[in-house]
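A.B. asks:
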Ligand SMILES: Nc1ncnc2c1ncn2[C@@H]1O[C@H](COP(=O)(O)OP(=O)(O)OP(=O)(O)O)[C@@H](O)[C@H]1O
Ligand SMILES: [Mg+2]
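Numbering (the working numbering), first residue to last: 1 to 244.
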């Protein structure tokens, strides 16, 4: 079986004055269809940079990235936009919903770019909103929803195009812990339904809910294995440092 996501010695290097920053410092990893992976690590460890590459929002400085067997590392912006639309669903910390259009239209938008006709857009969007438990809110504006509901709309939007991978960058970061747990429960259900999920989080209790944890430090993989492994999450000492 070919991996859905494969990094081969990926680097992302930024010039910083006379120096360079290796935001991603030689990462190799494989993620297969149906996995639920949490990427964890301290602030500045390279999580977002990694996620931007996985999400085809950015390309590596060197190394190869294969998404579903396709070499993404050399693609130009147009090709990246196409592959993002076909293969990826994004969930962001701040939901990123359009505030002037209703819930249903927000979900439909993501199919519009894919050139799906009006009737099919509406049908598929309603199915996605049903899945996240919001079928009774489809005519509401996002501002008329709670934070947790808004995040569920964004999950429906990520789902509706039937992506190969759902990428979630701190999806519970803006929510209180109870609502965050509900959103996480929903992601777990989607995983059980066969979706592949890659999640970034600072929160150990959230990361532990994934099947597999990839822990980064200084752009390198420090741990890659089951989420209940001994070195899966950062220690209390590391967390204290982070709180400064
Ligand atoms: N555009 C850029 N130019 C220069 N340096 C960058 C750039 N983007 C990221 N970096 C550096 O790369 C490193 C990794 O950054 P990244 O944003 O991936 O960290 P992170 O793990 O997502 O952190 P956080 O938890 O704070 O979001 C950091 O040292 C950061 O300063
Ligand atoms: Mg980040």
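Note that the Cβ used here is the ideal one computed from N, Cα and C, for glycine as well.
#1: Beta-carbon distances below 6 Å to any heavy atom of ligand 2 define the shell here; list its residues in chain order, please.
#2: In terms of residues, what are the limits of the beta strand (DSSP E) holding residue 118?
#3: Span of the beta strand (DSSP E) holding residue 67?
#4: Among 178, 160 and 150, which residue has its Cα nearest to the Cα of residue 120?
#5: Entirely within the stretch 175-227 and at least 3 residues each: give me those beta strand (DSSP E) ranges in chain order.
#6: Between the alpha carbons of residue 87 and residue 165, how many angstroms are there, rounded?
#7: Counting pairs of Cβ atoms below 8 Å between the stretch 66-84 and the stretch 46-56, do you hit three or more?
#8: Counting only the same chain and skipping the five closest in sequence on each side, list residues whose C-beta sits under 7 Å from that of residue 182.
#9: With distance defined between alpha-carbon atoms, name the residue in 13, 28, 27 and 39 nearest to residue 209.
#10: When you compare each of 221, 211 and 216 to residue 227 by their alpha carbons, which one comes out closest?
#11: Report the residue ranges of all beta strand (DSSP E) runs contained in full by the stretch 134-174; include only those spanning at least 3 residues, in chain order.
#12: Taking the alpha-carbon positions, what's the residue 118 to residue 229 distance?
#13: Report the rounded CA-to-CA distance for residue 51 versus residue 63, giving the unit in angstroms.
#14: Taking C-alpha atoms, which residue in 196, 106, 129 and 216 lies nearest to residue 202?
C.D. replies: By the coordinates alone:
#1: 47 and 48
#2: No beta strand (DSSP E) holds residue 118; the alpha helix (DSSP H) holding it covers 118-131.
#3: 62-67
#4: 160
#5: You should have 196-200, 212-217 and 220-226.
#6: 6 Å
#7: yes
#8: 148
#9: 39
#10: 211
#11: 165-169
#12: 47 Å
#13: 15 Å
#14: 216
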